[in-house]
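Numbering of the sequence shown is given in full-length UniProt numbering, commencing with residue 1 and proceeding in unit increments.
Have a look at the structure below, then the notes.
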Amino acid sequence: MYAAVKPLSQYLRQKTVRIYDPIFILHSKYTIVILLACTILLSAKQYFGEPILCISTNKHTEYIQSYCWTMGTYILPTESNTSTGLPGAAFNRSGLQGLVARDQQFARLISIAEGVGPEKRGVTKRLYLRYYQWVFMILLFQSLLFHMPSYLWKVWEGHRMAQLSCEVGGAIIVEDTYRTRLHMLTKYFRSKFSAIHCCYAIKYTFCEMLNLLISILNFWLMDVVFNGFWQKYIHALAAIPVYDWQLWNMMTSRVFPKVAKCEMFVYGPSGTPNVLDILCVLPLNILNEKIFAVLYVWFLFIAMLSALNMLYRLLLVCCARLRLQLLCTHLRGMPKTHVREVLTTAGYGDWFVLMGVSVNVNPKLFRELVEQLYTELMEERAAAAAAAAAAKRESPAASHQVPGAAAPQSPQPTPSAPHAEAVASVRTLTLMAPTLNLMGSNNEIVSIDRCCDESQA
Numbered sequence: 001m002y003a004a005v006k007p008l009s010q011y012l013r014q015k016t017v018r019i020y021d022p023i024f025i026l027h028s029k030y031t032i033v034i035l036l037a038c039t040i041l042l043s044a045k046q047y048f049g050e051p052i053l054c055i056s057t058n059k060h061t062e063y064i065q066s067y068c069w070t071m072g073t074y075i076l077p078t079e080s081n082t083s084t085g086l087p088g089a090a091f092n093r094s095g096l097q098g099l100v101a102r103d104q105q106f107a108r109l110i111s112i113a114e115g116v117g118p119e120k121r122g123v124t125k126r127l128y129l130r131y132y133q134w135v136f137m138i139l140l141f142q143s144l145l146f147h148m149p150s151y152l153w154k155v156w157e158g159h160r161m162a163q164l165s166c167e168v169g170g171a172i173i174v175e176d177t178y179r180t181r182l183h184m185l186t187k188y189f190r191s192k193f194s195a196i197h198c199c200y201a202i203k204y205t206f207c208e209m210l211n212l213l214i215s216i217l218n219f220w221l222m223d224v225v226f227n228g229f230w231q232k233y234i235h236a237l238a239a240i241p242v243y244d245w246q247l248w249n250m251m252t253s254r255v256f257p258k259v260a261k262c263e264m265f266v267y268g269p270s271g272t273p274n275v276l277d278i279l280c281v282l283p284l285n286i287l288n289e290k291i292f293a294v295l296y297v298w299f300l301f302i303a304m305l306s307a308l309n310m311l312y313r314l315l316l317v318c319c320a321r322l323r324l325q326l327l328c329t330h331l332r333g334m335p336k337t338h339v340r341e342v343l344t345t346a347g348y349g350d351w352f353v354l355m356g357v358s359v360n361v362n363p364k365l366f367r368e369l370v371e372q373l374y375t376e377l378m379e380e381r382a383a384a385a386a387a388a389a390a391a392k393r394e395s396p397a398a399s400h401q402v403p404g405a406a407a408p409q410s411p412q413p414t415p416s417a418p419h420a421e422a423v424a425s426v427r428t429l430t431l432m433a434p435t436l437n438l439m440g441s442n443n444e445i446v447s448i449d450r451c452c453d454e455s456q457a
């Protein structure tokens, strides 16, 4: 048996890169291992023999067993009366109905087992045990349900955390690798991937919500399949602390009876149908009652943890101070004011990724990473303040030059042809003036004046 269950222990080994929190691990790993181990245990025929054994006056025992296994067995439902342990359903009685109605203790004595006794055909209510052949399939389906959120998150995560913590997760790191990875991580978190990180955190929160929804769906599934499992089994569990094993046997037998009834029709030589009343033993239910007692407590436990975890996640989204406190637990020795300054420019998604990096990289490297982020943030703020001060000093000088440079020009009337030629010549001289040697001889200046007079004439 150990050899069959041993491969499941590999699934519980802690991975090098951690992408789940402890509550998520309870859902995605431990619950699946428990369910698969129970499935393997129930399917091990060599430990519990045949799943059903039937006795009858007929000689065809194997045929009868196959028939009852295929068509299903049933019990007679009884009303709960946990104080006296007596059945109270007046309609589940046979021809001794008058005597049974007057003496419930006698009805208890003539019953072979809980839910097995005399009945009146066509009048007695029956509760068929349709789940018995499918218990291991139900457990397997539950394990697939609980595995779905972890598989979905693994796909969405896309090995991001493995890439961020590559080569720096151990206690001993090569110096060159240490500096290279520190520079890369600093550059990554300074690159403003807030939208991507926010989407990353939302997807993880959705998977946590899916864990809670699957736990609630699991309650409904078990209640439907096992005919009021949660209501009936609470009385069985209540009997364990007080060692009331009679109550335990009675209440567990209402969900997982060890003995059940089966009915088969046979025909005589002349075609007259005869009814065979068959008594069957269900050996697997002795194991089912223990398995589902454990699962009852386990499912309640993880459902409550999931609900509390969702409230905790909501509190983290709304409370920045709590996020600061949690991040500081991974940065011992670093001033709290430095961490606060780093988080002022980081949203919930950035904080979520930082927390994921903190549990996957060397603690010293993570502390230096946050210090480097703080240093670069302060340098950026100092540079921005210096640029603002320089712009403020330049603004008065620019204000004095702007009025003269931007003097409005009044519209000029359309000149006549001779006047337009004169204006053109003046503009030509104006454009040529900057090319003259201002320190030249007076003859050059006089010749420029003469040219001006001749052009105006």
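We treat Cβ as the ideally placed atom computed from N, Cα and C, and that holds for glycine.
For clarity, every value in this text was computed on a predicted model and none was experimentally measured.
DSSP places C280 within a strand segment (E or B) once states are collapsed to three. DSSP links M264 through a beta bridge to L276. Among the bridge pairs identified by DSSP, L127 is matched with I75. Between the beta-carbon of H197 and that of V353 there is about 5 angstroms, and that keeps the pair under the 8 angstroms contact cut. With 16 or more other Cβ atoms from the protein chains shown falling within 10 Å of its own Cβ, H27 counts as buried. Looking at the DSSP output, L185 sits in no beta bridge, so it has no partner there. With distances taken between CA atoms, E263 lies nearest to Y74 out of Y74, G347 and L311. For C166, the three-state secondary structure derived from DSSP is coil.
In this structure, DSSP gives I172 a state outside helix and strand, which the three-state scheme calls coil.
Look at the beta carbons and you see the segment 220-228 not touching the segment 164-177: under three pairs across the two are nearer than 8 angstroms. For C54, the uninterrupted beta strand (DSSP E) run begins and ends at L53 to I55, by DSSP. Between H235 and W248, the alpha-carbon positions lie close to 8 angstroms from each other.
In chain order, C207 and L210 place their CB closer than 8 angstroms to the CB of L152, counting only its own chain and leaving out the 5 sequence neighbours on each side. Rounded to the nearest whole angstrom, the CA to CA distance from I19 to A201 is 12 angstroms. The distance from the Cβ of E289 to that of T329 is about 44 angstroms, inconsistent with a contact at the 8 angstroms cut-off. When DSSP reads this structure, V259 sits in a beta bridge with V281. Going by DSSP, E157 is part of the alpha helix (DSSP H) stretching over V135 to E157. The C-alpha of C54 lies about 11 angstroms from the C-alpha of H60.
Under the DSSP assignment, R340 falls in the alpha helix (DSSP H) whose first and last residues are K336 to T344. Per the DSSP secondary-structure output, A113 pairs in a beta bridge with V116.
Separation of the CB atoms of L182 and E368 is rounded to 6 angstroms, and the pair is thereby assigned contact status at 8 angstroms. Contact between the segment 313-329 and the segment 290-302 is absent, with fewer than three C-beta pairs closer than 8 angstroms. Within the model, the alpha-carbon separation for K232 versus V255 is close to 7 angstroms. Counting along the chain, the unbroken alpha helix (DSSP H) around R323 starts and ends at A320 to C328. Here G333 carries a coil assignment [DSSP, helix/strand/coil]. In summary, L327 is buried, with 16 or more beta-carbon neighbours lying within 10 Å of its beta-carbon over all protein chains present.
In this structure T78 is buried. Its beta-carbon is surrounded by 16 or more other beta-carbon atoms within 10 angstroms. Annotation for T186: L369, Q372, L373 and E376 place their beta carbon closer than 8 angstroms to its own, counting only its chain and skipping 5 residues before and after. The continuous stretches of alpha helix (DSSP H) do not include H60, and DSSP gives it neither H nor E. Apart from the 5 residues on each side of it in sequence, A303 sits with its Cβ closer than 6 angstroms to the Cβ of S215 in its chain, given in chain order.
In this structure P269 is exposed. Its beta-carbon is surrounded by fewer than 16 other beta-carbon atoms within 10 angstroms. Collapsing the DSSP output to three states places Y178 in a helix. DSSP, reduced to helix, strand and coil, places R381 within a helical segment of the structure shown. The criterion of a C-beta distance shorter than 7 angstroms is not satisfied by S143 and L308. Contact between N360 and G169 holds: CB atoms are separated by about 6 angstroms, below the 8 angstroms threshold. When rounded, the separation of the alpha-carbon atoms in A239 and W230 is 15 angstroms.
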